[in-house]
Amino acid sequence: MSGPAKNTARPVLLARNLDKHFPAPEHQKIHAVNDVSFAIAEGEVLGMVGESGSGKSTVGRLVLGLLPPTAGTVEFDGKDLAALDARQMRASRADMQMVFQDPWSALNPRMAVGRQIAEPLLLHTKLDRSGRKAKVAELADRVRLPTTYLNRLPADLSGGQLQRVCIAKAIATEPKLIVLDEPTSSLDLSVRAGILDLLADLRRDLGVAMLFISHDLGTVKLISDRIVVLYLGTVVEEGAADTLFDTPAHPYTQALLSAHLPPDPAVKVQRHLLEGEVPSPIHLPPGCRFAGRCPLAIDPCRSALPPLDSVPGDVADHRAACIRIAEGANRLVQPQHQMANP
Amino acid sequence: MALLSVEDLETHFVSRNLDNEVLVAHALNGVSFAVDRGQVLGLVGETGAGKSLTAQSVMGLLRPPALRVGGKALFDGTDLFELPTDTMNAMRGRDIALVVQNPRTSLDPLTRIGDQLVRIQRVHREISLADARKRAIAMLDAVGIPEPKRRMRAWPHELSGGMAQRVLIAMALINDPKLLIADEPTTGLDVTVQAQILDLLRDLVIDRDMAAIIITHDLGVVAHYCDRVVVMFAGGIVEAGPVGAVFGQPCHPYTRALLAATPERLALGSGRRFGGPPPDLYNLPKGCHYRDRCGHATELCEQTPSFVTVASDHDARCHYAASLKDQPL
Amino acid sequence: MTTIDLPAGRSERRWPTLNRLVGVGRRSPTATVGFVIVVAFALMAIFAQYITPHDPVEAYPRNILNPPDAEFWLGTDGNGMDIFSRVIYGARYAFAIAVPAVLLSIVIGVPIGLWTGYRGGLFDEGLMRFFDALRVFPSIILALAVVAAAGPSVINVVIVIGLLDSPIFVRVVRAEVLALRSSTMVEAARAAGNPTWRILLVHLLPNAIQGAMAQTAVRAAWAVRISATLAFLGVGIQVPTPEWGVMIRQGAEYMVTGQWWVALFPGIALVVMVLGLNMLGDGLQDLLNPRRKG
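Residue numbers (the numbering used here), protein chains in the order written: chain A, 7 to 348; chain B, 21 to 349; chain C, 417 to 710.
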């Protein structure tokens, strides 16, 4: 993988040709993830966007070894996860942590939050009781959680505070990578802003790499260096955050970005309406997964899967999987629906 | 005259704790707003601000421990709270319809969607089976469901989230209500589907000259689909006005904080603190309820502020509303 | 110290006040009545030697089958033993069998439920089918057979009842664990690097045990009933032990000849005790398991 200066650093995570199938009734298979490859450099924040069924959460679990891939490899810090035995896998979890969407259900309801923050320290470090206690207080301070809450049960804390607990737990062992699966989706706007602010601080101070999985385009744009767009378990586009938002190449990315509603009535929104719905991941369409809904699809789109190629004329690491880019026919030009702004 | 005019709505949660003491949470404290025909009103605020409770109070759908203790809801001039239960039951679903979150759990899983659409018509009016079916198919078509005739025979579990939400909207609209209340109608749906549903809602409001209230926490939805916006905090309204005015010149510190917290305006690493705990509804502080979280609060704020009209039809409940109006966010 | 004021804490621990007792009682009147009954029997069992006028196994040969009178308040039985004293002492045997039997069921059932619920697979399937097969037999017949083979003693009765009842706890705990197994909490625990034993003991057990705890009183009621039944059928505890089942068995012979008091009073004690435990159990399930409230 080549890219700007930051990307040439050694990747902390390298996912190669990941496939994940889940069993479905009547001996069918759900193709949740199909041939997904990407890398995350040290200290980089990679945003992963996609709608429901795009397989983004599954990818998050695959790269942490929480699910075994059907095919493909995950290399973390130079080691192939598949080669590790259970004990080595557990030990390496000190370097890769996860933050979940719903902090209410990610924490043990019967354990004081301070003890939960201390858990990774207990599992992965040799700190004694008082050492852990001091470190927990330091972590609470770092995530701006009042230390008076540490002896309380999760039920006594608000959603934002609980997510801070989860983040404190995730950074306790100073990991190299944190996978964040929709970490702000279940939180109120102002609480969300506080968490995003915290994540930006942590990333600056600790240099931890992040895989930030979200369907919220505004949030992803704000926090990511690079962005990967998934559709039906396949990467359709990847590139630097600014490039991707300014000049999306793949028609799906264009439609997705155009559907985003900025919270400002003064911004005119020109939306590209998509016809139909996301096809079933059991019977994947041959060819481009998006062809069935794409207004620009031509016959070759429906027969062969388009490769993820560099977008000509753009910076090198901007790549998209659309055969119509080469002929310059990849732009959704006529907005099919003009917003009647109040 | 406004189609729905809510005046001084007060709803409490009354419960007993383990010590057998009666506890009263002041969940809604004097909520007043109005919505006209052909208008979409957005109701925004954080979790626990009382958005959904307002809708449930107006619809008469409160369950204990929630209890409405005061206020009026004038619908076409009649106070909904004064109506006998039977009359209110008949109006619900016919004159006022509610679309709730979680489309999947709101449909009867054991009845085909066509039968549900027919049933809800025949509950509210004299209509032949054949006519009801015809109208149901037309309605499914109107909410953008392909092959409506075939879909009449579909079971709720066969529908995707977006389709189920369309069916719910079809059910809400099939009796030509005058007012539609949509509680988080697109939460949990994908952005591309969200856009389709909101377009549909907006077109229907205009075509049928209805009024609609959209309850949401998504300021993007309000900015692009609502005419007026009401901002709620701790069971009260802090600011109300036309969308352009409120978003362009927010006058209440809470509205301003809310707008500043949107990803589009958020400046990361600014050191600014966001949010904070909502006030304890069991023990509301005197004066302005936003005082503890407000960067502008002074001693004056220990006195309850009244609404200040900062522009025509644009009010904010803050002592400093007028001076905040022209300050940049 | 931080300057942030905490909201009124809900997990704040306080000593129960009279108000709190009234509050709990109002929330579950059934549990309160059951609780009072069980406590009354427990006090009877503890202080039996102080509140009984006679030794429960002392025979008064001149007072055989006395009807209730001033000296023998509830009459005497066929051996001339004081029925009132024997009924009081019977509470001891009820507790002495029910408490260890339920504890044994928990000790056996909870770990199996935890493990099989978490692991799933063939072992889980096989075990559940085995329990299903076991359930087809009426448990009383099984208990009869086993106690008859092992010999009648309090210990044997406790072991048999404990074993027979442990599948209940396996089921309850297994069901909770099955629901939790694929939860975010367990996934988060795995992602943090917890070994399996720690997930089971630290994260699953405290969250899965509540359903089992809610079952204890009802299972104790079952244990009291089964032990009385075994004694009544003559395979459990034997005469002259003052056990209710034994006493009812003795008294049954005299029902036809008109000496009704011999069987009636231990019968009443048994019914009230079982009822009390069941009421307490129902109330506990409501209080501990909010899901049941709908």
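Glycine included, every Cβ here is placed at the ideal spot set by N, Cα and C. Since this is a predicted model, take the numbers as computed values, not measurements.
If the five residues before and after Arg142/B are omitted, its C-beta is found closer than 7 Å to the C-beta atoms of Ala152, all from its own chain and listed in chain order. Taking a Cβ-Cβ threshold of 9 Å, the residues of chain A close to Glu66/B are Asp194, Leu195, Ser196 and Val197, in chain order. Going by C-alpha positions, Thr125/B is about 14 Å away from Asp203/B.
Think of a sphere of 9 Å around the beta carbon of Glu603/C: the chain A residues whose beta carbon falls inside it are Arg67, Leu72, Met104, Phe106 and Ala112, in chain order.
At a cut-off of 7 Å, the C-beta of Glu81/A has no neighbouring C-beta in chain B. In this structure, DSSP gives Arg112/B an extended state, which the three-state scheme calls strand. Note: Tyr237/A is bridge-paired with Thr240/A in the DSSP secondary-structure output. Residues of chain C whose Cβ lies closer than 7 Å to the Cβ of Arg116/A are, in chain order, Pro622 and Asn623.
DSSP places Leu199/B outside any alpha helix (DSSP H); the residue lies instead in the beta strand (DSSP E), whose first and last residues are Leu199 to Asp203. The contact set of His334/B on chain A, defined by CB atoms closer than 9 Å, is empty, because the minimum CB distance reaches about 14 Å. Taking a C-beta distance under 7 Å as the contact criterion, Leu700/C and Ala630/C qualify as a contact pair.
Close partners of Arg606/C in chain A (Cβ separation under 7 Å): Leu72. Each residue's CA atom was taken as its position, placing Phe33/B and Gly53/A some 42 Å apart.
Ser164/A counts as buried, since no fewer than 16 other beta carbons sit within 10 angstroms of its beta carbon. With fewer than 16 other Cβ atoms inside 10 Å of its own Cβ, Lys154/B counts as exposed. Rounded to whole angstroms, the separation of the alpha carbons of Arg112/B and Leu193/B is 12 Å. Here Lys169/B carries a helix assignment [DSSP, helix/strand/coil].
Unbroken alpha helix (DSSP H) runs of no fewer than 4 residues, entirely contained in the segment 515 to 579 of chain C, are found at 537 to 552 and 555 to 566, following chain order. The C-beta separation of Cys172/A from Leu113/A comes to about 7 Å, placing the pair in contact by the 8 Å criterion.
Within the same chain, and ignoring the five residues on either side of Leu130/B in sequence, no residue has its Cβ closer than 7 Å to its Cβ. Pro273/B carries a helical assignment under DSSP once its states are collapsed to helix, strand and coil. Here Gly293/A is near Ala310/A, since their CB atoms are less than 7 Å apart. The alpha carbon of Leu596/C has as its nearest neighbour, out of Gly609/C, Gly683/C and Ala624/C, the alpha carbon of Ala624/C. Straight-line measurement puts the Cα of Ala637/C at about 17 Å from the Cα of Met460/C. Assignment of Ser444/C by DSSP, reduced to helix, strand and coil, places it in the coil class. Contacts with chain B (Cβ-Cβ distance below 8 Å) from the segment 211 to 235 of chain A involve His221, Asp222, Leu223, Gly224, Thr225, Lys227, Leu228 and Ile229, listed in chain order. For Phe488/C, there is no enclosing beta strand (DSSP E), as DSSP marks it with neither H nor E.
Taking a Cβ-Cβ threshold of 9 Å, none of the residues of chain B is close to Pro301/A; the smallest such distance is about 13 Å. Met671/C is classed as exposed because its beta carbon has fewer than 16 other beta carbons within 10 Å across all chains shown.
By the Cβ-count criterion, Asn303/B is exposed, with fewer than 16 other Cβ atoms from all chains shown falling within 10 Å of its own Cβ. Counting only runs of 3 or more residues that sit fully inside the segment 61 to 110 of chain A, the beta strand (DSSP E) segments are 77 to 82 and 102 to 105, in chain order.
With a threshold of 16 other beta carbon atoms within 10 Å, Arg232/A meets it and is buried. Around the Cβ of Thr64/A, a 10 Å sphere holds 16 or more other Cβ atoms; the residue is buried. When C-alpha distances from Gly667/C are compared across Ser643/C, Asp498/C and Ala464/C, the shortest belongs to Asp498/C. Sequence-distant partners of Gln122/A (beyond 5 residues in either direction) whose C-beta falls short of 7 Å from its own C-beta, in its chain, are Leu113, Asn114, Val171 and Lys175. Distance check between Thr632/C and each of Val438/C, Val515/C and Trp489/C places Val515/C closest, using alpha-carbon atoms only.
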